[in-house]
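Residue numbers in the sequence shown follow full-length UniProt numbering, run continuously in steps of one, and reach 433 at the last position.
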Amino acid sequence: QAGVFTYDPGYTSTASCDSTITFIDGDKGELLHRGYPIDQLASKSHYLEVCYLLLYGELPSATELEVFENTITRHTMIHEQMHNFFRGFRRDAHPMATMVGVVGAMSAFYHDSTDINNPHQREVASHRLIAKMPTIAAMAYKYSIGQPFVYPRNDLDYAANFLHMCFAVPAEEYVVDPILARAMDRIFTLHADHEQNASTSTVRLASSSGANPFACIAAGIACLWGPAHGGANQACLEMLKEIGTPDRIPEFLARAKDKNDPFRLMGFGHRVYKNFDPRAKVMKQSADEVLDLMGIENNPTLQVAKDLEAAALADDYFVDKKLFPNVDFYSGIILEAMGFPTSMFTPIFAISRTVGWISQWKEMLGDPQNKIGRPRQLYLGPTQRDYVDIENR
Ligand code: SDX
């Protein structure tokens with residue numbers, strides 16, 4: 041069929057499903073969303089337009105985009121009673137724990153969008169999740185630092201609104217820098233969907249039981265938290281802080297090469313990309329813009345990041361194994377420069393990936409044959425044997 045891509049990874053891949061949303065060619069370092077290359081979307085489009093593309097399969101007309109953006113904007117507030125959920129957590133709770141809890145609890149408030157067999161309710165649930173995730177993440181951040189919640193504003197675009205909810209305080213006006221807003225929008229755009237990664241597969245599997253959308257997205261958030269997946273940007277920055285100074289970089293590169301050392305270079309490598317992650321190329325541009333704006337001379341962590349990037353790219357071991365900086369390496373640098381604590385990195389990834397999870401959820405619900413079935417196993421345990429009473433053991 042014209043336009044149908046086949047990708048032979050060179051091994052019998054056990055595809056979990058078929059999909060028309062995102063195509064990845066790991067060897068060539070290609071990523072397409074509904075056929076559009078990620079570098080074109082990142083440079084010419086913006087997050088909510090990419091959300092529309094992922095959800096509905098086509099780029100919107102000007103009118104369609106205006107209606108969609110107005111709909112999202114008008115769902116950004118959460119039910120006032122949900123504010124109480126945050127106060128049930130310890131102040132030092134990881135924001136991902138808060139997000140898993142609060143997003144799961146949405147099913148207790150938005151009963152009119154939990155029937156997955158009702159297309160209108162599916163639409164409303166989709167819009168509510170995309171709109172409210174930044175609000176919930178920002179509230180988790182504000183709660184963790186003991187500052188008052190900042191309500192969303194309808195006069196700000198999606199990325200600027202999130203930055204305002206995170207960094208504004210009642211005592212003074214907070215003006216969002218357009219370079220930071222653009223970098224944040226690019227982080228959202230570049231993390232929006234990524235085929236059948238672990239958290240997306242989790243959402244698909246949870247949805248296959250008929251669970252409501254809020255519970256399924258909460259399951260995806262829980263899976264994304266892991267350091268090998270969405271938690272990598274936090275783990276990467278914590279690694280950079282542990283390295284501390286550029287002179288310790290060779291020590292950590294040697295550990296990453298040592299097969300007897302479980303240490304891995306966080307922010308490097310990828311399960312699928314055996315070339316440069318195409319998202320990382322674009323994210324690197326934004327990282328350079330933000331570092332120029334914010335300066336790194338006063339931030340030793342960012343200096344280590346730049347030197348580690350150069351050292352790894354010049355090291356034959358990492359080049360030969362194609363362990364290049366991935367999207368999480370550069371997004372972590374940007375978020376550190378913006379002033380976010382590392383604990384907020386994965387919640388920001390979760391904001392972005394919500395549209396990918398929802399798009400894949402809707403696709404699966406639209407084609408019952410496309411459900412991830414009940415996985416089976418290869419049983420390697422004992423063959424049948426009889427019970428032995430304890431006095432005879
Ligand atoms: C994300 O799936 C997705 O799409 C995920 C994601 C998304 O958008 O949803 O792209 C987001 O999760 C990006 C990846 C973020 N994770 C990290 O940055 C954590 C650090 N990276 C590693 O944990 C690792 O690279 C993985 C888990 C990402 C991939 O591991 P693989 O599948 O083992 O990688 P590989 O097969 O290419 O490894 C080749 C070799 C192996 O050694 P050998 O067995 O050949 O001797 O390289 C080694 C690996 O042990 N290796 C590393 C390494 N990554 C792989 N050695 C040191 N440091 C690393 N980071």
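All residues carry an ideal CB built from backbone N, CA and C; glycine is no exception.
Predicted, not measured: the structure shown is a model, and the values here were computed from it.
Distances from the CB of A268 to the heavy atoms of ligand 1 include at least one below 7 Å. Per DSSP, Y87 has no beta bridge partner at all.
Bridge pairing for L71: I64 [DSSP]. F303 is classed as exposed because its beta carbon has fewer than 16 other beta carbons within 10 Å across all chains shown. Under the 10 Å beta carbon count, L305 is surrounded by 16 or more other beta carbons and is classified as buried. Judged by DSSP secondary structure, A272 falls within the alpha helix (DSSP H) whose first and last residues are 272-283.
Per DSSP, the beta bridge partners of E212 are V209. It is roughly 11 Å from the alpha-carbon of N339 to the alpha-carbon of T285.
Under the three-state reduction of DSSP, P77 is assigned to strand. With a threshold of 16 other beta carbon atoms within 10 Å, A211 falls short and is exposed. Under the three-state reduction of DSSP output, F108 falls in the helix class. Residues I64, I78, P318 of the same chain have their beta carbon placed closer than 6 Å to that of L71, with the five preceding and five following residues left out of the count. Annotation for F364: F316 place their beta carbon closer than 6 Å to its own, counting only its chain and skipping 5 residues before and after. Apart from the 5 residues on each side of it in sequence, L105 sits with its Cβ closer than 7 Å to the Cβ of E89, Y92 in its chain, given in chain order.
A171 is positioned such that its CB atom lies closer than 8 Å to that of I112. Excluding residues up to 5 positions away in sequence, I289 lie with their Cβ nearer than 6 Å to the Cβ of L348 in the same chain. For K314, the CB falls within less than 7 Å of some heavy atom of ligand 1. As for any alpha helix (DSSP H) of minimum length 4 sitting wholly inside the stretch 128-213, the runs are 135-145, 159-184, 198-207, ordered along the chain. The beta carbon of G97 sits closer than 6 Å to those of R74, all from its chain and outside the five residues before and after it, given in chain order.
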